[in-house]
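K.L.:
Going down the list, the protein sequences come from chains A and B.
Once you know that position 114 of the first sequence is 113 in numbering that gives the first Met the number 0, the rest is easy, because the numbers rise by one and skip nothing.
Once you know that position 132 of the second sequence is 131 in numbering that gives the first Met the number 0, the rest is easy, because the numbers rise by one and skip nothing.
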Amino acid sequence: MSTDVAAIGPGAWRVTIDGNATIVWTAVEDGGVWVHTDGRVHYIANEADVRRSRARSGSHDLSAPMPATVRAVLVDVGAQVHTGETVLTLEAMKMELSLRAPSDGTVTAIHCRTGDLVQAGVPLVEIT
Amino acid sequence: MFHRILIANRGEIAVRIIRACRELGIETVAVYSDADASAMHVRLADRAERIGPAAARDSYLSAGAIIDAARRSGAEAVHPGYGFLAENAAFAAACRDASLVFVGPPPDAIAHLGSKTAARRLVAERGVPVVPGEVPAEQSDEAIAAAVARVGLPALIKPSAGGGGIGMRTVLTSESAIEQVRAARRDALAAFGDGTLYVEHLVERPRHVEIQIIGDRQGHVVHLGERECSLQRRHQKVIEESPSVAVNEALRADMGTAAIAAAQAAGYQNAGTVEFLLEQTAHGPRFYFLEMNTRLQVEHPVTEAVYGVDLVHAQIRVAAGQPLDWASGRTPRGHAIEARIYAEDPAQGFLPQAGALRLYREPRGPGIRVDSGFEEGDAVAVHYDPLIAKLIVQAEDRERAILRLRAALAAFPILGVRTNVPYLLAVVEDGAFARGDIDTTWLDRQTEALVALIAAEQPSAAGLAAASQALARAERVPYAGGTADPWTTLGAWRLGS
Numbered sequence: 000m001s002t003d004v005a006a007i008g009p010g011a012w013r014v015t016i017d018g019n020a021t022i023v024w025t026a027v028e029d030g031g032v033w034v035h036t037d038g039r040v041h042y043i044a045n046e047a048d049v050r051r052s053r054a055r056s057g058s059h060d061l062s063a064p065m066p067a068t069v070r071a072v073l074v075d076v077g078a079q080v081h082t083g084e085t086v087l088t089l090e091a092m093k094m095e096l097s098l099r100a101p102s103d104g105t106v107t108a109i110h111c112r113t114g115d116l117v118q119a120g121v122p123l124v125e126i127t
Numbered sequence: 000m001f002h003r004i005l006i007a008n009r010g011e012i013a014v015r016i017i018r019a020c021r022e023l024g025i026e027t028v029a030v031y032s033d034a035d036a037s038a039m040h041v042r043l044a045d046r047a048e049r050i051g052p053a054a055a056r057d058s059y060l061s062a063g064a065i066i067d068a069a070r071r072s073g074a075e076a077v078h079p080g081y082g083f084l085a086e087n088a089a090f091a092a093a094c095r096d097a098s099l100v101f102v103g104p105p106p107d108a109i110a111h112l113g114s115k116t117a118a119r120r121l122v123a124e125r126g127v128p129v130v131p132g133e134v135p136a137e138q139s140d141e142a143i144a145a146a147v148a149r150v151g152l153p154a155l156i157k158p159s160a161g162g163g164g165i166g167m168r169t170v171l172t173s174e175s176a177i178e179q180v181r182a183a184r185r186d187a188l189a190a191f192g193d194g195t196l197y198v199e200h201l202v203e204r205p206r207h208v209e210i211q212i213i214g215d216r217q218g219h220v221v222h223l224g225e226r227e228c229s230l231q232r233r234h235q236k237v238i239e240e241s242p243s244v245a246v247n248e249a250l251r252a253d254m255g256t257a258a259i260a261a262a263q264a265a266g267y268q269n270a271g272t273v274e275f276l277l278e279q280t281a282h283g284p285r286f287y288f289l290e291m292n293t294r295l296q297v298e299h300p301v302t303e304a305v306y307g308v309d310l311v312h313a314q315i316r317v318a319a320g321q322p323l324d325w326a327s328g329r330t331p332r333g334h335a336i337e338a339r340i341y342a343e344d345p346a347q348g349f350l351p352q353a354g355a356l357r358l359y360r361e362p363r364g365p366g367i368r369v370d371s372g373f374e375e376g377d378a379v380a381v382h383y384d385p386l387i388a389k390l391i392v393q394a395e396d397r398e399r400a401i402l403r404l405r406a407a408l409a410a411f412p413i414l415g416v417r418t419n420v421p422y423l424l425a426v427v428e429d430g431a432f433a434r435g436d437i438d439t440t441w442l443d444r445q446t447e448a449l450v451a452l453i454a455a456e457q458p459s460a461a462g463l464a465a466a467s468q469a470l471a472r473a474e475r476v477p478y479a480g481g482t483a484d485p486w487t488t489l490g491a492w493r494l495g496s
């Protein structure tokens with residue numbers, strides 16, 4: 000995986016991972032950093048937390064945020080997915096929830112089928 | 000036309016009114032509390048007057064301080080914005096007594112429409128449909144419970160004074176009626192100092208649809224269509240749009256006629272909004288008068304976008320005695336949606352947040368409008384409403400407006416305080432919102448699931464890579480107090496000496 004980070008303005012970065020570019024905004028505060036990507040914001044308290052998260056982010060397990068029914072599995076094992084792409088849709092509390100790929104990668108495993116009732120936090124799709 | 004107007008407000012609405020005045024060649028006077036001495040609305044105005052300490056009751060709610068400021072600065076008119084003193088009949092009267100023009104309705108109209116029961120009686124006499132119910136003359140607990148039985152279940156007990164859902168109680172079983180009456184009375188007395196109650200039949204899963212009206216001193220009243228405001232979290236509007244998917248041309252005409260009748264019943268002038276509940280029945284849609292808001296609404300920009308008007312210009316012209324120039328009505332075009340961006344943390348029960356906006360970049364592009372009272376480096380204070388900005392998008396149809404809203408929300412980085420932007424994105428990305436399949440209870444039913452969805456999101460690999468670089472460089476985006484700007488670091492100096 001090749002990652003290139005280019006500063007493109009005050010607090011603005013273009014991050015290119017395996018040829019796919021994302022604009023990221025950051026603001027450093029109290030030793031930690033605010034990070035904005037595509038409308039999603041996180042505050043990471045320190046450099047060690049950034050490293051830990053980066054180590055984990057090589058491989059991602061997607062799981063349901065609450066008990067839900069699987070409405071549709073939109074990818075197959077081996078599929079290439081891009082950041083933000085919807086991988087799975089769930090239904091919970093009469094609402095449709097979309098699980099999206101947190102980074103570009105390859106689907107390495109799928110642990111559910113359409114119609115399954117799944118519990119919160121149990122890995123449903125693995126992306127590496 | 001006026002030479003100088005004082006804006007009795009702060010934040011985005013003060014900024015928006017200052018800009019309108021500038022376009023009309025009118026000088027502006029900002030007012031500020033100690034917490035707002037360097038706020039954006041103060042920076043933009045031609046003059047600024049201090050009106051008191053940070054607490055709103057001693058500054059922005061102090062009618063005396065504001066009228067003094069208007070006199071000191073030589074303003075001829077006062078624009079109240081929304082909130083604070085905007086719907087205060089005594090303030091409107093005090094302006095009149097001080098020979099200041101209040102940019103809003105006459106004090107009598109505000110007073111008549113301020114009481115929900117009086118407003119209900121007034122408009123019902125003009126044939127405007129109201130929710131079936133009773134305003135019992137006899138106000139004992141037993142009499143209210145008897146009214147509940149006559150109105151039929153499910154029923155809603157409401158305080159005559161106030162709003163925002165405070166003191167409203169739902170009665171589902173006849174046994175619980177007396178208990179709910181007592182609870183509603185306690186809440187109403189505590190919140191409004193007035194325990195008067197009335198009873199309405201509960202309209203289940205209604206839409207909230209409101210009609211914008213404006214009237215001039217010559218007696219013309221026109222309507223500018225509807226705004227759909229059903230997306231509410233705990234009775235607070237979150238996303239508003241125009242037109243409503245539930246309103247066709249015939250219904251719009253009927254609701255518009257009813258809104259105009261309601262306004263005329265109260266001798267209304269200037270901009271106002273008539274709120275209705277809209278119910279789908281087996282016999283088609285039915286609407287009921289809810290209340291009238293005697294001011295400019297937060298969500299007025301969606302009407303401006305679709306009807307191609309400037310409501311603040313119109314308010315000022317009408318207040319100066321000029322006739323409305325839209326007497327023959329306006330034709331709506333396209334679709335507009337507004338999302339309210341607040342400094343609040345969805346993960347902590349939407350707790351208001353305060354702090355510096357260390358990075359704040361508004362989205363730009365065709366059909367995108369941002370009304371805000373903040374610039375990068377400004378701080379959100381703890382003392383006031385945590386509204387940071389209103390993002391208004393406009394496009395040729397609803398589907399394209401939703402695409403534009405989603406993209407604009409995602410391209411609006413605000414760092415330094417938590418905001419509800421991730422929550423707004425989750426709402427906008429929901430299938431039911433896309434279909435327009437919503438009612439006033441929908442958001443409260445979905446919020447828990449939406450918040451769980453946000454909480455489950457991890458920073459992306461790209462975000463983490465940038466975070467690492469940012470920390471390595473310890474790059475600091477300039478913010479108030481930490482800059483090396485020569486204008487703030489230089490001492491006193493003189494030109495031409």
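Note that CB positions come from ideal geometry on N, CA and C, so glycine has one too.
Roughly how many angstroms lie between the CA atoms of Trp12 (chain A) and Val180 (chain B), to the nearest whole one?
P.N.:
Sequence index remark: in the first sequence, residue 12 (chain A) carries index 13 (1-based). Sequence index remark: in the second sequence, residue 180 (chain B) carries index 181 (1-based). Between Trp12 (chain A) and Val180 (chain B), the C-alpha separation is close to 58 angstroms.
K.L.:
When you compare each of B:Pro412, B:Ile12, B:Leu323 to Gln217 (chain B) by their alpha carbons, which one comes out closest?
P.N.:
As a first step, residue 217 (chain B) is located in the second sequence; it is residue number 218 there, counting from the start. Ranking the options by Cα distance to Gln217 (chain B), first place goes to B:Leu323.
K.L.:
Who pairs with Gln79 (chain A) in a beta bridge, going by DSSP?
P.N.:
Here the question's residue 79 (chain A) lines up with position 80 in the first sequence. Bridge partners of Gln79 (chain A): A:Thr105.
K.L.:
In the DSSP assignment, find the beta strand (DSSP E) that holds Ile213 (chain B) and state where it starts and stops.
P.N.:
The residue given as residue 213 (chain B) occupies position 214 in the second sequence. Taken as a continuous stretch (DSSP letters only), the beta strand (DSSP E) holding Ile213 (chain B) covers 206-214.
K.L.:
Any Cβ of chain A within less than 9 angstroms of the Cβ of Glu474 (chain B)?
P.N.:
Within the second sequence, numbered from 1, the residue matching residue 474 (chain B) stands at position 475. The pLDDT assigned to Glu474 (chain B) is 44, lower than 50, so where the model puts this residue is not dependable, and the model offers no usable value.
K.L.:
Hey, quick one: how far does the beta strand (DSSP E) through Gln279 (chain B) stretch, first residue to last?
P.N.:
Taking the second sequence and counting its residues from 1, one reaches residue 279 (chain B) at position 280. Element bounds for Gln279 (chain B): 269-280.
K.L.:
Can you pull the chain B residues whose beta carbon is under 8 angstroms from the beta carbon of Val105 (chain A), in chain order?
P.N.:
Residue mapping note: residue 105 (chain A) aligns to position 106 of the first sequence, counting from 1. Correcting the residue identity first, residue 105 (chain A) is Thr in this sequence and not Val. By Cβ distance, chain B contributes nothing, its closest Cβ being about 13 angstroms from Thr105 (chain A), past 8 angstroms.
K.L.:
When burial is assigned at 16 or more other CB atoms within 10 Å of the CB, is Val4 (chain A) buried or exposed?
P.N.:
In the first sequence, residue 4 (chain A) corresponds to position 5, counting from 1. Per the 10 Å Cβ criterion, buried.
K.L.:
Checking the sheet assignment: what are the DSSP bridge partners for Val317 (chain B)?
P.N.:
Position 318 of the second sequence holds residue 317 (chain B). Paired residue(s): none; Val317 (chain B) is not in a bridge.
K.L.:
Using C-beta distances below 6 angstroms, list every residue in its chain close to Arg475 (chain B), excluding the 5 sequence neighbours before and after it, in chain order.
P.N.:
In the second sequence, residue 475 (chain B) corresponds to position 476, counting from 1. Annotation note: pLDDT 45 at Arg475 (chain B) (below 50); position unreliable, coordinate value reported separately. Correct list: empty, nothing qualifies.
K.L.:
What number of angstroms, rounded off, separates the C-alpha of Val198 (chain B) from the C-alpha of Gly255 (chain B)?
P.N.:
What you label residue 198 (chain B) is simply residue 199 of the second sequence in a count that begins at 1. What you label residue 255 (chain B) is simply residue 256 of the second sequence in a count that begins at 1. Cα-Cα distance, rounded: 26 angstroms.
K.L.:
Is there a Cβ from chain A that is less than 9 angstroms from the Cβ of Arg360 (chain B)?
P.N.:
By 1-based counting over the second sequence, the position of residue 360 (chain B) is 361. It does; some Cβ of chain A falls within 9 angstroms.
K.L.:
Exposed or buried, what is Arg363 (chain B) when buried is set at 16 or more other beta-carbons lying within 10 Å of its beta-carbon?
P.N.:
As a position in the second sequence, residue 363 (chain B) is number 364, starting the count at 1. Result: exposed.
K.L.:
According to DSSP, His41 (chain A) sits in a beta bridge with which residue or residues?
P.N.:
For the purposes of this step, residue 41 (chain A) is taken as the residue at position 42 of the first sequence. A:Val34.
K.L.:
Check distances from the C-beta atoms of the region 417-439 of chain B to those of chain A and list, in chain order, the residues that come in under 8 angstroms.
P.N.:
Arg417, Thr418, Val420, Pro421, Leu424, Glu428, Asp429, Gly430, Ala431
K.L.:
Please state whether the Cβ-Cβ distance between Glu446 (chain B) and Ala342 (chain B) is less than 9 angstroms.
P.N.:
Reading the second sequence from its first residue, position 447 is the one you call residue 446 (chain B). Reading the second sequence from its first residue, position 343 is the one you call residue 342 (chain B). Just to set this straight, residue 446 (chain B) is Thr in the shown sequence, not Glu. Against a cut-off of 9 angstroms, the Cβ pair of Ala342 (chain B) and Thr446 (chain B) comes out as no contact.
K.L.:
Do you know offhand how far Tyr306 (chain B)'s Cα is from Ile66 (chain B)'s?
P.N.:
Taking the first residue of the second sequence as 1, we reach residue 306 (chain B) at position 307. Taking the first residue of the second sequence as 1, we reach residue 66 (chain B) at position 67. Spanning the two alpha carbons is a distance of roughly 34 angstroms.
K.L.:
Determine the DSSP secondary structure at His312 (chain B), reduced to helix, strand or coil.
P.N.:
Position 313 of the second sequence holds residue 312 (chain B). The answer is helix: DSSP assigns His312 (chain B) an H, G or I state.
K.L.:
Going by the CB atoms, is the gap between Ala19 (chain B) and Ile315 (chain B) shorter than 9 angstroms?
P.N.:
What you label residue 315 (chain B) is simply residue 316 of the second sequence in a count that begins at 1. What you label residue 19 (chain B) is simply residue 20 of the second sequence in a count that begins at 1. Contact: yes.
K.L.:
What are the partner residues of Gly354 (chain B), as DSSP defines its beta bridges?
P.N.:
Numbered from its first residue, the second sequence carries residue 354 (chain B) at position 355. BP columns for Gly354 (chain B) point to B:Val379.
K.L.:
At a CB-CB cut-off below 9 angstroms, which residues of chain B make contact with Glu84 (chain A)?
P.N.:
As a first step, residue 84 (chain A) must be located in the first sequence, where it is residue number 85. In chain order: nothing, as chain B lies at least about 12 angstroms away.
K.L.:
Within the continuous beta strand (DSSP E) that includes Trp12 (chain A), where are the two ends?
P.N.:
In the first sequence, counting from the first residue as 1, residue 12 (chain A) sits at position 13. Here the beta strand (DSSP E) through Trp12 (chain A) covers 11-16.
K.L.:
Taking the beta strand (DSSP E) that Val392 (chain B) belongs to, which residues open and close that run?
P.N.:
In the second sequence, residue 392 (chain B) corresponds to position 393, counting from 1. Element bounds for Val392 (chain B): 386-394.
K.L.:
Using DSSP bridges, identify the partner residues of Lys236 (chain B).
P.N.:
The residue labelled residue 236 (chain B) in the question sits at position 237 within the second sequence. The bridge partners DSSP lists for Lys236 (chain B) are B:Gln231.
K.L.:
Which residues in chain A sit within 7 angstroms of Ser371 (chain B), going by Cβ to Cβ distance?
P.N.:
Along the second sequence, read from residue 1 onward, the residue named residue 371 (chain B) stands at position 372. Going along chain A, no residue has its Cβ under 7 angstroms from Ser371 (chain B), so there is no contact; the nearest lies around 17 angstroms.
K.L.:
For Glu125 (chain A), does the three-state DSSP call read helix, strand or coil?
P.N.:
Within the first sequence, residue 125 (chain A) is the residue found at index 126, counting from 1. Reduced to three states, the DSSP call for Glu125 (chain A) is strand.
K.L.:
Please list, in chain order, the chain A residues whose beta carbon lies closer than 9 angstroms to that of Ser467 (chain B).
P.N.:
Locating residue 467 (chain B) in the second sequence gives position 468, counting from the first residue. Under the 9 angstroms cutoff, chain A gives Val4, Val32, Glu46, Val49, Arg50, Arg53.
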